[in-house]
Amino acid sequence: MLKIYNTLSRRKEEFKPIKPPHVGMYVCGPTVYGDAHLGHARAAITFDLLYRYLKHLEYKVRYVRNITDVGHLENDADSGEDKIGKRARLEELEPMEIVQRYTNGYHHNMEQLNTLPPDIEPHASGHIIEQQLFTEKILKHGYAYESNGSVYFDVEKYNHDYHYGKLSGRKLEDLISNTRNLEGQEEKRHPYDFALWKKATPGHIMKWPSRWSEGYPGWHIECSTMSTKYLGDSFDIHGGGMDLLFPHHECEIAQSTAALGKESVRYWMHNNLISINGQKMGKSLGNAISLNELFSGDHKLLEKAYSPMAIRFFILQAHYRSTLNFSNRAIQASERGLERLFEGMETLEKIKAAATSTYDPEELNKKCLEALDDDLNTPVLISHLFEGVKQIHLIASGKGNLTAEDLAKMKKFFATFVYDILGLKQEEKPAQESVADDLIRLILDIRMEAKKKKDFETADKIRNMLSGLGIVVKDVPGGYEWEHK
RNA sequence: GGUCGGUUGGCCGAGUGGUUAGGCGGCGGUCUGCAAAACCGUAUACAGCGGUUCGAAUCCGCUACCGACCUCCA
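The first sequence maps to residues 1 to 485 in the numbering used here.
So, in structure tokens, the structure goes:
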């Protein structure tokens with residue numbers, strides 16, 4: 001029985017879909033105005049894991065993840081500038097060109113990380129009319145007001161009838177004293193009211209017509225609109241990063257409740273953030289490492305390039321609700337660990353069946369499923385897989401054995417958990433044959449001859465010099481192996 | 001200031017009222033001409049102070065420190 005932690009109740013709850021076997025899940029996607037970074041990877045991988053596991057449990061899942069491309073405000077209400085528009089001006093490109101470029105980049109990075117694409121990926125810019133209609137509903141129900149061409153959500157009125165702050169555990173009174181007093185907010189009745197539709201300032205590039213003004217939708221309305229459009233007024237899971245909990249998700253709840261008269265979401269799930277040197281990684285802090293930088297090693301904090309699978313494994317080795325601290329050391333540890341896992345699986349392929357079994361693969365299967373059922377506890381799942389690797393070595397070295405049936409099960413379980421659910425894959429080693437490779441083989445053949453003549457001085461010299469060129473030589477019985485490091 | 005979360009061995013990171021998490025690194029061993037790789041084994045821990053308990057790192061309280069949200073953010 002799958003249990004997931006629901007931010008609404010602050011506890012683990014049994015997962016029961018509204019209309020089994022169907023499951024609807026909506027996840028907040030990126031605002032496409034810059035390269036995707038480690039934080040995007042964590043969110044995408046967390047919910048990719050959930051998507052894969054739900055499918056493994058034979059649910060029919062519709063996974064919706066949005067692309068925010070309407071360029072919400074960058075600073076505050078009136079002096080703010082559309083962040084996509086700003087980027088467009090800087091690069092002298094059409095806003096939609098920016099959107100396209102970074103959307104493509106995001107897709108590419110997500111594919112590198114082996115995340116499955118969502119079933120629907122709605123763009124905010126493609127749902128302007130729906131967002132206006134959603135805003136109309138809120139207006140009609142009396143929870144919004146128009147002011148100078150903009151439409152604002154009436155938080156106080158809403159809080160009178162419902163509870164604004166239920167998700168993030170806030171009280172309106174606290175918000176009143178804590179909301180920053182920004183300039184140019186006089187069109188709002190209260191500082192904590194938020195925009196559903198915003199009239200564009202003269203310099204604002206991305207804008208659409210509406211009955212209120214030439215403008216653009218507010219920060220939070222796209223998710224309420226698109227989630228309910230594609231998943232229905234009530235759906236199962238809404239996910240996103242913890243930083244979106246307030247105000248974004250809180251406002252979503254308020255909007256959907258105000259428009260539909262009921263809450264839309266059953267389970268709210270939030271992945272925790274990634275920190276660097278104990279500090280939150282964030283674009284605004286200037287310490288975000290993009291995925292492209294990570295994969296190329298081209299960043300001052302990086303000692304080397306890391307493969308997408310090393311990153312994926314690194315992220316999965318921590319529970320999604322814990323903060324994860326980035327460091328070269330930590331990722332390198334994951335890198336090595338992942339190698340060990342795959343080497344274990346390769347060894348498994350070489351094992352020959354025996355008449356009896358000294359190990360029961362079902363035990364492994366059971367423990368792994370239990371770990372996933374417990375709020376997607378991937379670190380524990382992975383620790384069980386390493387136990388399995390230990391058994392594999394034991395059996396491969398003749399200290400145990402497996403029947404053909406158990407061997408098949410073992411292979412199947414590993415493939416299921418490692419490939420299908422954790423979404424890990426062996427990264428193809430570039431096996432390009434080249435003259436250089438032939439030369440290396442030639443040199444190593446000479447070294448073998450030297451070894452046969454017990455001319456170890458020459459043999460070691462060759463090995464050391466190759467090592468200096470980044471080529472690692474491993475002697476194996478009757479020959480050698482080598483690889484680029 | 002308000003709200004919430006955290007503090008685990010050299011590093012990352014699970015979990016738990018009494019039993020080895022796991023990975024990386026270290027150390028020892030097997031293998032090797034020597035290495036490397038691989039495999040096996042192994043040590044080091046639960047921020048501090050009180051309390052509850054037969055027993056707490058695990059529950060409760062206090063203290064210290066760290067972080068997140070309260071402005072766009074995954």
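Yeah, the Cβ is synthetic: ideal placement off N, Cα and C, and Gly gets one too.
Identified DSSP bridge partners for E187: Numbered from its first residue, the first sequence carries residue 187 at position 187. E187 is bridged by DSSP to nothing; it lacks a bridge partner.
Close-in-space but distant-in-sequence residues of the same chain around K55 (CB under 8 Å, 5 per side omitted): Numbered from 1 along the first sequence, position 55 holds the residue referred to as residue 55. Contacts found: V61.
Counterpart residues of G239 in DSSP-defined beta bridges: Taking the first sequence and counting its residues from 1, the one referred to as residue 239 is at position 239. Listed as beta-bridge partners of G239 by DSSP are V27, M269.
Reduced DSSP secondary structure (H/G/I, E/B, other) of A77: Indexing the first sequence from 1 puts residue 77 at position 77. Here the model assigns A77 a pLDDT of 38, short of 50, so the residue's position is not dependable, and the following value carries that caveat. A77 sits in coil when the DSSP states are folded into three classes, being neither helix nor strand.
C-alpha gap between F414 and L385, whole angstroms: Translated into the one-based positions of the first sequence, residue 414 becomes position 414. Translated into the one-based positions of the first sequence, residue 385 becomes position 385. Cα to Cα, F414 sits roughly 8 Å from L385.
Exposure of V472, with buried meaning 16 or more beta-carbon neighbours within 10 Å: Reading the first sequence from its first residue, position 472 is the one you call residue 472. Under a 10 Å Cβ-count criterion, V472 is classified as exposed, with fewer than 16 other Cβ atoms of the shown protein chains found around its own Cβ.
G85 versus S150, Y216, K171, residue with shortest Cα-Cα distance: Here residue 85 is taken as the residue at index 85 of the first sequence, counted from 1. Cα-wise, what sits closest to G85 is Y216.
Segment contact, 8 Å Cβ cut-off, at least three pairs: the segment 344-362 with the segment 388-407: A contact is defined here as three or more CB-CB pairs under 8 Å, and the segment 344-362 meets this definition with respect to the segment 388-407.
Residue range of the unbroken beta strand (DSSP E) whose run includes Y152: Start at 1 with the first residue of the first sequence, and residue 152 comes out as number 152. 150-153 is the extent of the beta strand (DSSP E) around Y152.
Exposure label - L364; buried when at least 16 CB within 10 Å: To locate residue 364, count along the first sequence from 1; it is residue 364. Burial call: buried.
Distance CB(L381)-CB(L372) smaller than 9 Å: Stepping through the first sequence from its first residue, residue 381 is reached at position 381. Stepping through the first sequence from its first residue, residue 372 is reached at position 372. The answer is yes: Cβ separation under 9 Å.
Beta-bridge pairing of G215 - partner residues as DSSP gives them: Position 215 of the first sequence holds residue 215. DSSP, once it has assigned bridges, lists K199, W208 as partnering G215.
Environment of Q279 [buried if 16+ CB atoms lie within 10 Å]: Working through the first sequence from its first residue, we reach residue 279 at position 279. Counting other Cβ atoms within 10 Å of its Cβ, Q279 stays below 16 and is therefore classed as exposed.
Sub-9 Å separation of V32 and T103 beta-carbons: Residue mapping note: residue 32 aligns to position 32 of the first sequence, counting from 1. Residue mapping note: residue 103 aligns to position 103 of the first sequence, counting from 1. Result yes, Cβ atoms of V32 and T103 sit closer than 9 Å.
Proximity of A310 and G39 at Cβ, strictly below 9 Å: Position 310 of the first sequence holds residue 310. Position 39 of the first sequence holds residue 39. At the C-beta level, A310 and G39 stay beyond 9 Å of one another.
Extent of the continuous beta strand (DSSP E) run through Y70: Here residue 70 corresponds to residue number 70 of the first sequence, with the count starting at 1. Correcting the residue identity first, residue 70 is Val in this sequence and not Tyr. Where V70 is concerned, there is no enclosing beta strand (DSSP E), given that its DSSP letter is neither H nor E.
Three-way DSSP call (helix, strand, coil) for E303 in this model: As a working note, residue 303 is residue 303 in the first sequence. Collapsing the DSSP output to three states places E303 in coil.
Assigned secondary structure, Q426 (DSSP; H/G/I helix, E/B strand, else coil): Walking along the first sequence from the start, residue 426 turns up at place 426. DSSP places Q426 in coil when its eight states are reduced to three.
Where H520 sits in the DSSP three-state scheme: Outside the displayed span of the chain (1 to 485) sits residue 520, for which this structure offers no information.
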